[in-house]
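Counting with mature numbering (1 follows the signal peptide of the UniProt record, and there is no 0), you get residues -26 to -1, 1 to 747 for the letters of the sequence shown.
Take a look at the structure set out below.
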Amino acid sequence: MVKATFASLIAAAVAVSTLMVPPVQAEPAPTHSISIPQAAPGWSFGEGISFGTKNFSGVVRDSKGTKYTCAADGGVYSLASSLVSNGSMKAPKQVNSLKVVGNVPAGATPKKGTVKDKKKLGQMAYIASLAGKPSDVDAAATEAAIARVGGVYSGSIWEKAAQGKLKTGKALKPAVVRSGELYAQAKKYAGPYKATLKIDLPENSSEGTIRRIGLTSASGKNVPGHPFELKLSGPATFVDGTTSIKDKTASSTQKIDIRTTGDGKVTATLVIKDVADSRPWISKGTSDRGRAQNLIVLGKKTEISAQAKAQSTSPMFEPQIATEVKDKQVGKGDPLVDVLNVTSKSGTWPFVKKTGEPITIRAKVDVYGPFSSPRAEVKDGAEFAQSLIGTYSVDVNGEGSYQTDGAITAPEEGFYFFQARVDPKDQGKLSEKITAFTSPFFEASETSVVQWQPSIVSEATAKALDDGGVGIRDVITVSGMPEDHGDFGGVSDWEADHQVIVHSLYFVPAGTEHTEGVTEDLEALATVETPAANGEYVIEADQFPMDLDLGVGTYQVVSEFAGDARVVSLKTSDIEPSEQAKPEFGTVRTEAQVVGADTLTPEGTIRDTVILEGAFPKGAYTDVDLYTWEAGGEPVCEEAIWTAERIEHGNEAGEYHTDEYTVSDSEVAVYGFVERTYDQNGNPISTGECGAESETIQVVAPPAATPPPTTAPATPLPPATSAPIAPVDLTPSASPSTPAELPNTGFDAKSLIPISLALICIGSIAFLVVRRR
């Protein structure tokens, strides 16, 4: 920061380019020059942030346009300060140590120190190198980040601004945040750097590899994003025939294949460009106010190089065999067939001088397996020796395609790979002129699989839930998976193990044809995942709750495994009975009733009472029909004589009454109600029984009218007397034609007979009403 009249003017700049590591993006602030008076000729402020009245943090430029920022030297003025009228700065030089002073608010004591650590110096150089074309925020952030590296950030204006303790520092907050990102990036990717590469040239081979191509930071990280050029000299080219390749460094080291063209020394030269220096470039000077502020050059980059050498020898004739399996997936017991595409490395096939015929080379193809999972391709197959199940011999006499005879078959599930080789010992007289060849072990193109065929067996049962609902408890047994299924993470183009089996619960409404594929157009009510591994798994009923409001139908569980490289996909049938459950609704009881009487007589009124107990679906309703048939006959419920108004009870249990019906005024018959309860879609939940005892009432004819009794003329009563009244004898006499006489009462005993008979008839009729419940 540069001090101006009674304040500090911050001179710093930073802009992080995408040179090495994709940086955290700062806000896209426009770049511009800050118009602040300056005294030293040719010096000015550039990109940065003004804060307060005359304070500034950002870039300082000299007359040549070179950009600088404060090198953690906040205690003195730069030549761009309005308080400096003249001065001079020395040409920038790389330093091995740097004195630093904190840029603190007025009155505060700054931290001081000397930076000598190579990593710290490299971090300063790295941060400065990123600021070639900074935004205003990045310019100010660069100055703050360099202060962080120098150890003088604590107590500085940037820390105070971040803490809200600097009244004029609000504008600095974005730059402070960005400075922390730059500092973290520098610790990871700053120098001193090391360019790396290594040449591998196997003896008597025309193929080699340049490995470990990369740029390593001081922290040991591979630094990506730097352009490089790799050049070959000597008897070698890259596989495309060129001797120069351009690319960019990556977050891991790279390798590039080469071919030798003869005997001699092969040299590979790697030049990596746009790399930050390992030490910062510092310009020091003086002004009319004494020592001028130390400045660090921004946007300074360099290049780094490395070389590797190896000796090449001319190969003999070397056949090339590119192999691939005929079938990637085969069945148990199927032939394992390999296809060999044979070429000559030199492009020409040797021939026998005497006959002019092409020479014959014997190639052998070993078959290994079975393995529970494929492996990464390797060149050393010692670990697979015990898994060799057979060897094919194939004679080749020129470039072209050859095929094994298929005599070796796959005995069981697993992965099988082919490995082709040409062994000089198998070539007879040509043994000293043929170069050995071996293809990799477990090459992806050379691997076939007999996939496992899993089985998913399950048993679904309805079970009551604690909340009164109902769910489906499903016990699932998985078998036929590889014992280690779930552990294979994938390799090459072989897909990793799929980790779960998905179990979905569907509802198939009554009336829907429940055939294979019925669930394809249905939405699952619930899904549960279980491990895709052998074993027994339980889906509890609360995980598969039934929705009784859906009404009558079938709940179907379907299990599906997506399949992977090792195991075939599998979907259980959506008509499997063991995976079905039907909802059980509440009970319906009905009672026929005579309204306002104990017995039903002609012109009497009846109704039906519907009693719902338990759970019913939303929208459920009950229809009640009335039938009649002759007394003593069989119940007949074919054509209703009357239908009650529909009872819309929904899912509410309780007692409901139909409207009333008045029977015929003359017919003596039996009347029977039949209840039918449905869900909202019209699917039957309950159907009453024709002639059910509780639902039938028989009409009983009323008794015949009794004639009024005949009486003798009234006899005047005698005067009252205290004499006892003689008992009346109601026992019929031997001669029914002779009525009994009552002494002195004037009462005719014959009048008691019809009265007694009437009472007996009424009592008997009361037992003739039949209720069948």
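All residues carry an ideal CB built from backbone N, CA and C; glycine is no exception.
Asked	Found
Using a threshold of 7 Å, state whether the C-beta atoms of residue 754 and Val648 are closer than that.	Shown here, the chain extends from -26 to 747; a query on residue 754 therefore has no answer.
Only counting the same chain, and skipping five residues up and downstream in sequence, which positions put a Cβ closer than 8 Å to that of Glu604?	Ala643 and Val644
Given that a residue counts as buried once 16 or more other Cβ atoms are within 10 Å of its Cβ, and exposed if not, what is Phe25?	buried
Of the choices Asn371, Ala266 and Leu104, whose alpha-carbon is the least far from that of Ala250?	Leu104
Count the other C-beta atoms from every protein chain shown that fall within 10 angstroms of the C-beta of Ser9, then say buried if there are 16 or more, exposed otherwise.	Here the model assigns Ser9 a pLDDT of 45, short of 50, so the residue's position is not dependable, and the following value carries that caveat. Burial call: exposed.
By the 10 Å Cβ neighbour count, where 16 or more other Cβ atoms means buried, how is Lys85 classified, buried or exposed?	buried
Can you list the beta strand (DSSP E) stretches of 3 or more residues lying completely in the segment 457 to 508, in chain order?	474 to 483 and 500 to 505
Leu95 by DSSP, collapsed to three states: which one?	helix
Is it the case that the Cβ atoms of Gln530 and Gly593 are separated by a distance below 7 Å?	no
State the DSSP-derived secondary structure class of Ala(-1), mapped to helix, strand or coil.	Annotation note: pLDDT 32 at Ala(-1) (below 50); position unreliable, no value reported.
Do the segment 528 to 544 and the segment 425 to 434 make contact, defined as three or more Cβ pairs closer than 8 Å?	yes
Could you check if Ser453 is buried or exposed, using at least 16 other CB atoms within 10 Å of its CB as the buried criterion?	exposed
Quick check: the segment 289 to 301 against the segment 312 to 325, are there 3 or more CB pairs under 8 Å?	yes
Does DSSP classify Trp132 as helix, strand or coil?	helix
When the cut-off is 7 Å and only beta carbons count, does Lys41 lie next to chain D?	The chain labelled as chain D is not found in the depicted structure, where only one protein chain is given.
Got a sec? Which residues, its chain only, sit under 8 Å from Ile382 by beta carbon, not counting five neighbours each side?	Pro309, Leu310, Val341, Ile363, Gly364 and Tyr366
What residue range does the alpha helix (DSSP H) around Asp110 cover?	Asp110 to Gly124
Among residues of its own chain, excluding the 5 on either side of Ser547, which ones have a beta-carbon nearer than 7 Å to its beta-carbon?	Glu490
Just tell me which of His488, Thr493 and Ala506 has its CA closest to the CA of Gln473.	Ala506
Which partner residues of Tyr342 appear in the DSSP bridge assignment?	Leu362 and Phe391
Could you check which residue in Glu587, Pro148 and Trp255 has the C-alpha nearest to that of Thr43?	Trp255
Label Arg620 either buried or exposed according to how many other C-beta atoms from any shown protein chain fall within 10 Å of its C-beta, with 16 as the threshold for buried.	exposed
Using the rule of at least 16 other Cβ atoms within 10 Å of the residue's Cβ for burial, across every protein chain shown, is Glu669 buried or exposed?	buried
How long is the line joining the alpha carbons of Ser261 and Ala164, rounded to whole angstroms?	33 Å
Note down the Cα distance separating Gln672 from Glu587, rounded to an integer number of angstroms.	28 Å
So, at 7 Å on beta carbons, what are the nonlocal neighbours of Ser180 in its own chain, with the 5 sequence-adjacent residues on each side left out?	Arg233, Thr234, Pro289, Glu292 and Lys319
Could you pull the start and end residues of the beta strand (DSSP E) that Ser432 belongs to?	Ser429 to Ala438
With distances taken from CA atoms, which of Gly143, Leu544, Phe411 and Ile475 is nearest Glu510?	Ile475
Taking the C-alpha atoms as reference points, what is the distance between Pro(-4) and Gln281?	With a pLDDT of 30 at Pro(-4), under the threshold of 50, the modelled position of this residue cannot be trusted, and the question is left open.
Less than 8 Å between the CB atoms is what I'm expecting for Phe358 and Phe415, so what's the real figure, rounded?	6 Å
Is Asp572 closer than 7 Å to Thr632 when the C-beta atoms are compared?	no
Less than 6 Å between C-beta atoms, sequence neighbours within five positions excluded: which residues of the same chain meet that for Leu574?	Val568, Ile671 and Val673
Nearest to Leu479 by alpha carbon, out of Gly485, Glu550 and Asn508?	Glu550
Starting from Val151, trace the alpha helix (DSSP H) in both directions and tell me its first and last residue.	Lys147 to Tyr163
Take the Cβ of Asp47 as the centre, count every other Cβ of all protein chains shown within 10 Å, and call the residue buried at 16 or more, exposed below.	buried
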